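Read the structure below first, then the notes.
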Amino acid sequence: MVSLFDLFKIGIGPSSSHTTGPMKAAGRFRKALAGNPRSVSVARIRVTLFGSLAWTGKGHATEKAVVLGLSGHAPETVDPDEAEIRFIDIKTSRRLKISGSGEIPFDPEKDIVFDLDRIVPGHSNTLTFAALDGDEEVLAEETWHSIGGGFIVRAGDEADARDGPVEAPYPYRNAAELLSVCAAHSMSIADLVLANECALRPRVDILTGIDRLTDVMFDCIERGIRATGELPGVLKVQRRANNLFGKLRAIRPSNAQAPHEPMEYVNVYAIAVNEENAAGGRVVTAPTNGAAGVIPAVLKYYRDHCPASSQAGIRSFLLTATAVGTLCKMNASISGAEAGCQGEVGVACSMAAAGLTAALGGDNNQIENAAEIGIEHHLGMTCDPIGGLVQIPCIERNAFGAVKAINAASLALRGDGIHRVTLDQVIETMRQTGADMQSKYKETSRGGLAVNVPEC
Ligand code: SF4
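Residue numbers (our numbering): 32 to 487.
Encoded structure:
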């Protein structure tokens, strides 16, 4: 089963597949090396990035993620400011501590290779780690795939797994089964997901964990609104959340508010998160970093703009969104490198639409309807970030995904849950569309906006 805490993870920006995943993989390699008796002879580590990691890794800070992972940092605990200092330190000293006492020469410029030519089987986001002795003989080697949302798989292994298979008490493989299991047990989707999570950890830990995730999401919005200045990278993109928020606050005492003012706040919330993400700040992967703004923005819309919002509603939101994210991950993809942006912002929109519908009292059929609408109107959306940076179109796109999610929930809540296209059909359509999409539109920055808008 995919846990809520697999889909929603605290990490750092800018990318779950290109930052979080590679950092985790590097950490696993470091750990394996520590348990290898031949590690005393390691004189050099060589990391090779393939596919989308090679094409957009520089803009997505993959190099920094790998260095931090190899030096023992993990995405969920590393302090974003300290991470930057540590990375610069290793780049300058060209020394890497691979264990308590062992230190080797390591020059990220030379020892991390961006292989733009070779395609390796398995996944577009692939990286290999090789530990070599003084004679360049390979002492240990591992290949990892970063399969989206921070999930990683070692070549030849099962997915990013925990210590052993855990059986969910209420398993489901698709949305039809989910609805039918819920109906058979008179459960809401949120109740079912909570019951399944209880197979992994105590109920109290789940609820505290959800509250912690939402705190981090809301903190991220606040930090993004406070911050000003330029985002990292060649595009010299200026942060906008602070300015937009200031303008909305300035007209508050007057009668000049637009009727759609709450949507303007939703824009600010999403943009704030994605600006923090682009700056390498602390975010919650939801279900990816590139799409990390949609769910917090809709959640804050629910909490601050909807009458009668409650903590129970917030928990129900995230539990319900988990079921939709799980379905998309199991039956299609949540990776931009595999499915384009329909798999990232499209899935986040669908999860948020379902979550909001649940929090506002929708029934299971209305929730399924909202999730379906959320994906349907993102089908075919490509991933073409300019300069390989998670900035344009990503930041603004999250604002659109959030507003669409609210609209999807509205449409579903005004209906009776009966509709023509099912969530399963639209997820399968997304899978097929992603498979048919040319690779230049799948997080390689070799097509779309990335080639039509000159980098500054
Ligand atoms: S375009 Fe979409 S999928 Fe691609 S990096 Fe940006 S947010 Fe992620």
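Glycine included, C-beta positions come from ideal geometry on N, C-alpha and C.
The model shown is predicted, which means the values in this text are computed figures rather than measured ones.
(message) Let me make sure I understand the geometry here. Which of A384, G240, D250 has the alpha-carbon closest to that of E407?
(response) A384
(message) To the nearest angstrom, how far is the alpha carbon of A192 from that of G418?
(response) For A192, the predicted model reports a pLDDT of 46, less than 50, meaning its position is unreliable; a value from the coordinates is still stated below. Roughly 33 Å separates the two Cα atoms.
(message) Alpha carbons only, please: which of H336, P424, Q422 is nearest the one belonging to L387?
(response) H336
(request) For N524, I'd like the list of residues in its chain whose CB is within less than 6 Å of its CB, leaving aside the five on either flank, ordered along the chain. (result) With the chain represented from 32 up to 487, any question about residue 524 goes unanswered, as that position is not in the structure.
(message) Along the chain, where does the beta strand (DSSP E) containing I183 start, and where does it finish?
(response) 182-185
(request) Measure the alpha-carbon distance for G371 versus G377 and round it to whole angstroms. (result) 9 Å
(message) Check whether the segment 328-335 and the segment 288-307 touch, using three or more Cβ-Cβ pairs below 8 Å as the test.
(response) Segment contact: the segment 328-335 against the segment 288-307, three or more CB-CB distances shorter than 8 Å; contact assigned.
(request) From the DSSP output, in three-state form, read off P202 for me. (result) coil
(request) Using the Cα positions of D194 and G367, report the straight-line distance between them to the nearest angstrom. (result) The predicted position of D194 is uncertain, since its pLDDT is 44 and thus under 50; no value can be drawn from it.
(request) State the beta-bridge partners of I178 as determined by DSSP. (result) Answer by DSSP bridge pairing: none, since I178 is not bridged.
(request) Alpha carbon to alpha carbon, how far is F137 from I121? Give it in angstroms, no decimals. (result) 8 Å
(message) Can you determine whether any heavy atom of the ligand SF4 sits closer than 7 Å to the C-beta of P338, and answer yes or no?
(response) no
(request) Please indicate yes or no: does the CB of A322 lie closer than 7 Å to some heavy atom of the ligand SF4? (result) yes
(request) Excluding the 5 residues preceding and the 5 following R271 in the sequence, name in chain order all residues of the same chain whose CB lies nearer than 7 Å to its CB. (result) In its chain, beyond the 5 residues on either side, I302 have a beta carbon closer than 7 Å to the beta carbon of R271.
(request) At 3 residues or longer, and completely inside the segment 40-69: list those beta strand (DSSP E) runs for me, N to C. (result) 40-43
(request) Return yes when at least one heavy atom of the ligand SF4 lies under 7 Å from the C-beta of R428, else no. (result) yes
(message) Between E307 and the ligand SF4, is there a pair consisting of the residue's CB and a ligand heavy atom that are separated by less than 7 Å?
(response) no
(message) Applying the 10 Å Cβ sphere with the 16-neighbour rule, what's the burial state of D37?
(response) Classification for D37: buried.
(request) Identify which residue in L262, G264, N286, R254 has its Cα closest to the Cα of F276. (result) R254
(request) Would you check if the distance between the CB atom of A363 and the CB atom of I458 is smaller than 8 Å? (result) yes
(request) Identify whether R75 lies in helix, strand or coil by the three-state DSSP scheme. (result) strand
(message) Could you compute how far the alpha carbon of S294 sits from the alpha carbon of L127?
(response) It should be noted that the sequence gives Met, not Ser, for residue 294. Distance between the alpha carbons of M294 and L127 is about 47 Å.
(request) Label L358 either buried or exposed according to how many other C-beta atoms from any shown protein chain fall within 10 Å of its C-beta, with 16 as the threshold for buried. (result) buried
(message) Below 8 Å on the Cβ atoms is my contact criterion, and I expect K55 with I178 to pass it. Report the Cβ-Cβ distance as a whole number of Å.
(response) The Cβ separation is near 11 Å, so there is no contact.
(message) For the alpha helix (DSSP H) containing T259, name the first residue and the last one.
(response) Counting along the chain, T259 falls outside any alpha helix (DSSP H), and DSSP gives it neither H nor E.
(request) Inspect the CB distances between the segment 313-326 and the segment 40-49 and report whether three or more fall short of 8 Å. (result) yes
(request) State yes or no: is the C-beta of G367 nearer than 7 Å to some heavy atom of the ligand SF4? (result) yes
(message) Suppose you measure from the CA of N400 to the CA of L163; what does that come to, to the nearest Å?
(response) 54 Å
(request) Output the distance between the C-alpha atoms of T50 and E134, rounded to the nearest integer angstrom. (result) 24 Å
(request) For the alpha helix (DSSP H) holding I326, just list the boundary residues, first then last. (result) 325-336
(request) Taking only the alpha-carbon atoms, compute the straight-line gap between L266 and D394 and give it to the nearest angstrom. (result) 45 Å
(message) Tell me the rounded alpha-carbon separation between D467 and R243.
(response) Each residue's Cα considered, the two are about 39 Å apart.
(message) Here's the rule I'm using: 16 or more other beta-carbon atoms within 10 Å means buried, otherwise exposed. How should I119 be labelled?
(response) When all chains shown are included, I119 counts as exposed.
(request) Reducing DSSP to helix, strand and coil, say where R313 ends up. (result) strand
(message) Please classify N429 as buried or exposed, where buried requires at least 16 neighbouring CB atoms within 10 angstroms.
(response) buried
(request) Under the assumption that L170 contacts R69 (Cβ atoms under 8 Å), give the Cβ distance between them as a whole number of angstroms. (result) 4 Å
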